[in-house]
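Just so you know, the protein sequences line up as chains H and V, in that order. One point on numbering: in the numbering used here, the residue at position 58 of the first sequence is 58, and numbering is uninterrupted. One point on numbering: in the numbering used here, the residue at position 219 of the second sequence is 743, and numbering is uninterrupted. Built from N, CA and C at the ideal position, the CB exists for glycine as well. Contents: one structure, followed by commentary.
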Amino acid sequence: MGLLDHIWLGIVTVFTADPVFSVAGLPISITIVMVIMGFFFGIFVGATPGIGGPFAMSISLPILISIFGFTPDALLPVLGFLVGIMKGSTVGGAVPAILFNTPGTPDSLMTTLDGYPLTKKGQPGKALRVAHFSSVSGDTFSDIVLITCAPFLAILVEKFLDFPEKAALIILSLAFVSAVVGSNVWKGLLAALLGLFIAYIGTGEDGYPRLSMGSDNLANGFPLISAVLGVLILGEVFKAFEDMWREMRETSAITNVEVKGDNKLHWHEIRRILPFIGISASIGTMVGALPGIGNTLAATLGYATGRKVHKDDPPFGEGAIEGIAATEAANSAVAGANLIPVLSLGIPGNISAVFILLATETIGGFNPGPQVFRLVPDQINQEMVYAFGLFTTMIFANGLNWTFGGVFMRWMGIMIKIPKQRLLPIVLLLTLTAIYVQQTSIFAVYVTLGFGFLGYFMRKLKLSVLAFVIAYILANNLEESMREAFAVTGADPWFLFAGPISISFIGLAIAVVVFFARNQKDLS
Amino acid sequence: MSALSKMTTRLAVAGFAAAAFMATSTAQAEWKPKGPISVMIGFAAGGGTDTQARLIAAELEKRKGWKIIPSNVSGRGGSVMARKLKKLPADGLSIGMAVTEPFGYGMIATKKAGYSLKDFTFIATTTSSQMGIVAKTDKGWKTFKDVIAAAKKGKVFKFAGMSPKHADINFLIEQKYGVKFNTVILRGGRKVMNAITAGDVDMGYGAGIQTKAVKAGKMVNLASGLGVRLKVSPNAPTLVELGIPHDIGAKFLFIAPAGIPADARKALADSIGGIINDPSTKASQFVTKNYGGPDVVTGAKLDALMQANVDDSKVLMKVMN
Numbered sequence: 001m002g003l004l005d006h007i008w009l010g011i012v013t014v015f016t017a018d019p020v021f022s023v024a025g026l027p028i029s030i031t032i033v034m035v036i037m038g039f040f041f042g043i044f045v046g047a048t049p050g051i052g053g054p055f056a057m058s059i060s061l062p063i064l065i066s067i068f069g070f071t072p073d074a075l076l077p078v079l080g081f082l083v084g085i086m087k088g089s090t091v092g093g094a095v096p097a098i099l100f101n102t103p104g105t106p107d108s109l110m111t112t113l114d115g116y117p118l119t120k121k122g123q124p125g126k127a128l129r130v131a132h133f134s135s136v137s138g139d140t141f142s143d144i145v146l147i148t149c150a151p152f153l154a155i156l157v158e159k160f161l162d163f164p165e166k167a168a169l170i171i172l173s174l175a176f177v178s179a180v181v182g183s184n185v186w187k188g189l190l191a192a193l194l195g196l197f198i199a200y201i202g203t204g205e206d207g208y209p210r211l212s213m214g215s216d217n218l219a220n221g222f223p224l225i226s227a228v229l230g231v232l233i234l235g236e237v238f239k240a241f242e243d244m245w246r247e248m249r250e251t252s253a254i255t256n257v258e259v260k261g262d263n264k265l266h267w268h269e270i271r272r273i274l275p276f277i278g279i280s281a282s283i284g285t286m287v288g289a290l291p292g293i294g295n296t297l298a299a300t301l302g303y304a305t306g307r308k309v310h311k312d313d314p315p316f317g318e319g320a321i322e323g324i325a326a327t328e329a330a331n332s333a334v335a336g337a338n339l340i341p342v343l344s345l346g347i348p349g350n351i352s353a354v355f356i357l358l359a360t361e362t363i364g365g366f367n368p369g370p371q372v373f374r375l376v377p378d379q380i381n382q383e384m385v386y387a388f389g390l391f392t393t394m395i396f397a398n399g400l401n402w403t404f405g406g407v408f409m410r411w412m413g414i415m416i417k418i419p420k421q422r423l424l425p426i427v428l429l430l431t432l433t434a435i436y437v438q439q440t441s442i443f444a445v446y447v448t449l450g451f452g453f454l455g456y457f458m459r460k461l462k463l464s465v466l467a468f469v470i471a472y473i474l475a476n477n478l479e480e481s482m483r484e485a486f487a488v489t490g491a492d493p494w495f496l497f498a499g500p501i502s503i504s505f506i507g508l509a510i511a512v513v514v515f516f517a518r519n520q521k522d523l524s
Numbered sequence: 525m526s527a528l529s530k531m532t533t534r535l536a537v538a539g540f541a542a543a544a545f546m547a548t549s550t551a552q553a554e555w556k557p558k559g560p561i562s563v564m565i566g567f568a569a570g571g572g573t574d575t576q577a578r579l580i581a582a583e584l585e586k587r588k589g590w591k592i593i594p595s596n597v598s599g600r601g602g603s604v605m606a607r608k609l610k611k612l613p614a615d616g617l618s619i620g621m622a623v624t625e626p627f628g629y630g631m632i633a634t635k636k637a638g639y640s641l642k643d644f645t646f647i648a649t650t651t652s653s654q655m656g657i658v659a660k661t662d663k664g665w666k667t668f669k670d671v672i673a674a675a676k677k678g679k680v681f682k683f684a685g686m687s688p689k690h691a692d693i694n695f696l697i698e699q700k701y702g703v704k705f706n707t708v709i710l711r712g713g714r715k716v717m718n719a720i721t722a723g724d725v726d727m728g729y730g731a732g733i734q735t736k737a738v739k740a741g742k743m744v745n746l747a748s749g750l751g752v753r754l755k756v757s758p759n760a761p762t763l764v765e766l767g768i769p770h771d772i773g774a775k776f777l778f779i780a781p782a783g784i785p786a787d788a789r790k791a792l793a794d795s796i797g798g799i800i801n802d803p804s805t806k807a808s809q810f811v812t813k814n815y816g817g818p819d820v821v822t823g824a825k826l827d828a829l830m831q832a833n834v835d836d837s838k839v840l841m842k843v844m845n
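This is how it looks when you write it as structure tokens:
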């Protein structure tokens with residue numbers, strides 16, 4: 001079976017497997033329905049200040065798994081929903097930023113700089129249209145790069161990376177993530193080591209479940225979803241509770257905007273913003289392909305670069321549509337490219353990618369890694385079919401975004417009216433319920449709460465939770481590949497330094513840490 | 525009729541009625557799980573054990589209306605799963621899927637295995653492995669004898685196995701022929717196949733997952749790990765013919781913690797056996813395509829089989845020492 005057969009099978013699976021109903025004689029598959037639902041849900045949560053894509057993905061994942069089960073048939077519907085949320089929340093985030101000067105997601109912060117001035121001028125419609133157009137363009141560009149690059153990269157990895165190199169690559173990724181996220185390289189490393197340490201509880205090859213202190217509950221290790229959701233979501237909720245309590249926020253009255261003047265997006269304006277979209281989409285894609293540095297940095301870089309290039313009136317910061325375009329194209333381009341390391345290496349780069357990986361790990365039948373894109377003669381590589389199915393859902397979600405996203409997004413201005421103090425308890429309750437539904441164990445709920453407090457204190461101490469979570473997820477891969485590399489080299493203790501590729505990975509890992517640590521000194 | 529005999533008759537009738545009632549009530553009340561059944565799969569997702577377990581789980585849900593939750597508890601050829609399963613309540617709601625090996629050689633060879641046959645109720649086997657030593661065709665080897673010839677010239681090959689038993693068999697081969705392998709134990713047959721395909725190892729053990737690739741001419745079975753030659757590769761010598769007198773074939777099976785209710789054991793065994801023996805199910809088609817076809821053993825026969833497996837392994841251990 002050739003590449004084209006797999007692509008075609010992937011597309012066919014998405015559009016025809018398990019039809020739920022038919023429209024005008026055309027059967028609509030469950031995957032398509034899930035992408036649509038996920039997409040609109042994504043715009044909705046993206047437009048709601050205080051919660052974003054990761055919240056929505058984390059709450060949905062356990063519920064989706066308990067609905068669809070663990071057979072590979074569940075993969076595409078569940079991944080489709082998550083992809084929908086990922087795409088929807090990116091465009092949705094711009095809505096409150098433009099209308100109310102409140103970013104819905106952290107990466108829309110730069111959108112407020114030019115979006116809100118346009119709103120004050122009476123042109124919120126134009127600002128939203130620019131945001132939508134740029135966001136979708138950036139996203140589409142990034143997906144095209146993903147679809148063309150991931151298989152290619154996977155083949156390279158398979159060809160050139162042996163056991164020791166794979167172990168070295170995981171070390172490099174962890175070093176990179178630890179160094180670039182968060183406030184401080186050493187704190188990042190500390191967070192990653194903490195993640196490794198906790199992941200090593202109850203796992204391993206030894207006869208006795210490691211570090212479990214005789215507890216049967218710990219013999220299996222901590223439930224993966226509980227730990228990840230606890231740190232990422234509950235930690236954030238607890239922190240937000242504290243912030244609210246501190247601020248006792250005087251809720252600023254929301255003034256209604258008077259819409260006047262030209263609110264359409266014209267062709268000559270599209271021509272004006274296109275170069276900015278191009279530059280920002282490239283920046284976002286490059287940033288996205290590297291693990292650890294997420295949307296917010298991409299948006300900042302995109303905006304900063306755009307400001308340097310921009311010469312006309314109005315300048316950035318006073319309602320320039322180019323400013324909105326530069327930001328939105330950059331932060332949206334991160335999403336697709338982020339799946340490049342996930343699909344070709346099995347290494348997640350940001351929180352959305354963590355949830356995609358978590359879904360595949362929990363459901364089974366699809367193990368992201370280089371073998372996904374291997375062609376076996378006369379056979380179907382089912383994993384490659386799933387990969388192209390995933391790509392199909394992404395392209396379909398982009399199609400939705402181009403056609404309906406803009407309209408739906410402009411309706412979402414109303415979400416600002418939901419007060420945080422109502423929203424966050426709902427998120428807390430939903431997360432715990434979702435955990436209980438999926439794991440059917442009260443111990444899992446305690447674990448989630450425990451990791452929630454851990455996440456809270458990590459935020460207080462400015463320890464990066466992303467470094468923690470990525471290390472936690474990669475811990476077993478790291479241990480296994482180290483063991484395997486050690487065995488396959490005939491028990492050579494210097495296996496990490498046996499070949500030029502692994503030596504350069506380890507060298508890079510050290511260089512990244514030293515480089516960012518030195519930079520910090522200069523800054524302070 | 526005397527009063528006494530009347531009473532005897534009455535008692536007899538009452539007794540008969542009670543016995544009949546009990547008989548019908550046991551016949552009617554087929555065992556039903558009180559909640560979702562968790563199936564712990566002893567290997568990583570995507571491999572042969574995993575695929576079987578998930579196909580059977582899906583079919584059980586369809587046929588019986590039971591809720592099944594599969595999860596992968598991989599490590600050490602299934603013994604990590606066995607240790608975890610043993611501690612779970614014996615109510616039929618926690619079962620595991622593994623291969624016979626961690627309950628034979630794997631258990632005997634480990635100093636503190638942490639379990640014995642007594643800790644489990646064995647429910648049903650599904651199929652038997654087509655254990656072979658596998659390499660890519662483009663290596664140019666026809667049988668394992670070619671490997672030995674090359675290794676004797678001083679070449680050290682990378683050799684992937686799935687369990688410590690494979691490492692021991694490799695050790696026996698090394699001893700017998702004066703050669704050296706770098707043996708690496710990977711988690712599950714799927715990882716071994718990936719490593720062979722990617723060229724990360726030169727050869728490895730496959731329990732049947734290699735069959736498709738062998739048929740397609742991409743891979744070759746160099747030796748059979750069974751007592752007999754493999755169906756798909758009749759030219760590959762058995763380990764016994766190579767002077768290693770061991771049958772390392774394994775069966776796939778479902779297990780539960782010791783002492784699950786007899787009706788639960790029977791209900792589980794009957795439904796799993798029914799699925800595997802029904803050629804229209806995906807599970808049955810899968811084991812026919814990749815392994816030795818359906819091979820369902822249950823009840824006392826299975827207990828005897830597990831005991832024989834342990835006795836054989838003790839013999840191998842003696843040789844090793």
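V:Leu746 sits in a strand when the DSSP states are folded into three classes.
H:Gly336 is positioned such that its CB atom lies no closer than 8 Å to that of H:Gly399. In this structure, V:Gly713 is the residue among V:Leu750, V:Arg753, V:Gly713 with its C-alpha nearest to the C-alpha of V:Gln734.
Going by C-alpha positions, V:Ile799 is about 18 Å away from V:Ser562.
The region 345-365 of chain H and the region 300-310 of chain H do not touch, with fewer than 3 CB-CB distances between them shorter than 8 Å.
Excluding the 5 residues flanking it on each side, H:Thr16 has same chain C-beta neighbours closer than 8 Å at Pro27, Ser29, in chain order. Taking H:Gly365 as reference, the option from V:Pro594, V:Glu554, V:Val756, V:Gly559 with the minimal CA-CA separation is V:Pro594.
By the criterion of at least three beta-carbon pairs nearer than 8 Å, the region 315-330 of chain H is not in contact with the region 369-381 of chain H. Excluding its 5 nearest sequence neighbours in each direction, V:Leu750 has C-beta neighbours in its own chain below 7 Å: Met655, Thr762, Asp771, Gly773, listed in chain order. Under the Cβ distance rule, H:Glu318 does not count among the residues neighbouring chain V, no pair being separated by less than 8 Å. Residue nearest to H:Tyr386 within the set H:Gly38, H:Leu76, H:Phe40 is H:Leu76 (criterion: CA-CA distance).
For V:Arg578, the residues of chain H that pass the 8 Å Cβ criterion are Phe70, Thr71, Pro72, Gly364, Gly365, in the order they occur in the chain. Taking a Cβ-Cβ threshold of 9 Å, none of the residues of chain H is close to V:Asp771; the smallest such distance is about 25 Å. Between H:Phe163 and chain V, the shortest Cβ-Cβ separation is below 8 Å.
Around the beta carbon of H:Phe222, a 10 Å sphere encloses 16 or more other beta carbons of the protein chains shown; the residue is thus reported as buried. Counting only residues of its own chain and dropping the five nearest sequence neighbours on each side, H:Tyr116 has a CB closer than 6 Å to the CB of Asn101. Within the region 746-831 of chain V, the complete alpha helix (DSSP H) segments at least 4 residues long are 786-801, 806-814, listed from N- to C-terminus. Within the region 645-725 of chain V, the runs of alpha helix (DSSP H) that reach at least 4 residues and sit entirely inside it are, in chain order, 668-676, 688-701, 713-722. Of all residues in the region 333-346 of chain H, none has a C-beta nearer than 7 Å to a C-beta of chain V. A direct Cα-to-Cα measurement between V:Lys676 and V:Val738 gives close to 26 Å. Looking only at V:Ser757, V:Ala824, V:Thr634, the smallest Cα-Cα distance to V:Phe646 is reached by V:Ala824. If you draw a 10 Å sphere on the C-beta of V:Lys610, you find 16 or more other C-beta atoms in it, and that means buried. Per DSSP, H:Pro117 is one residue of the alpha helix (DSSP H) stretching across 109-120. Apart from the 5 residues on each side of it in sequence, H:Lys462 sits with its Cβ closer than 8 Å to the Cβ of Gly182, Ser183, Asn184, Lys187 in its chain, given in chain order. Cβ proximity to chain H below 7 Å picks out nothing from the region 785-798 of chain V. Around the Cβ of H:Gly2, a 10 Å sphere holds fewer than 16 other Cβ atoms; the residue is exposed.
At a beta-carbon threshold of 8 Å, the residues of chain H lying near V:Leu710 are Glu484, ordered along the chain. Three or more Cβ pairs drawn from the region 460-478 of chain H and the region 337-353 of chain H lie within less than 8 Å of each other, which places the two stretches in contact.
For V:Arg578, same chain residues with a beta-carbon under 7 Å away, outside a window of 5 residues either side, are Pro594 in chain order.
Look at V:Lys663: its C-beta is not under 8 Å from any C-beta on chain H.
For V:Gly730, the pairing in a beta bridge is given by DSSP as V:Gly656.
Residue contact check for H:Glu480 against chain V: a CB pair falls below 8 Å. Sequence-distant partners of H:Ala97 (beyond 5 residues in either direction) whose C-beta falls short of 7 Å from its own C-beta, in its chain, are Pro103, Gly104, Ser108, Thr111, Thr112, Gly115. Separation of V:Ser748 and V:Asp827 (C-alpha to C-alpha, rounded to the nearest whole angstrom) is 26 Å. Residue-level contact check: H:Thr31 does not touch chain V, since none of the beta carbons of chain V fall below 8 Å from its beta carbon. Nearest neighbour of V:Val604 by Cα position, chosen from V:Lys591, V:Phe627, V:Lys588, turns out to be V:Phe627.
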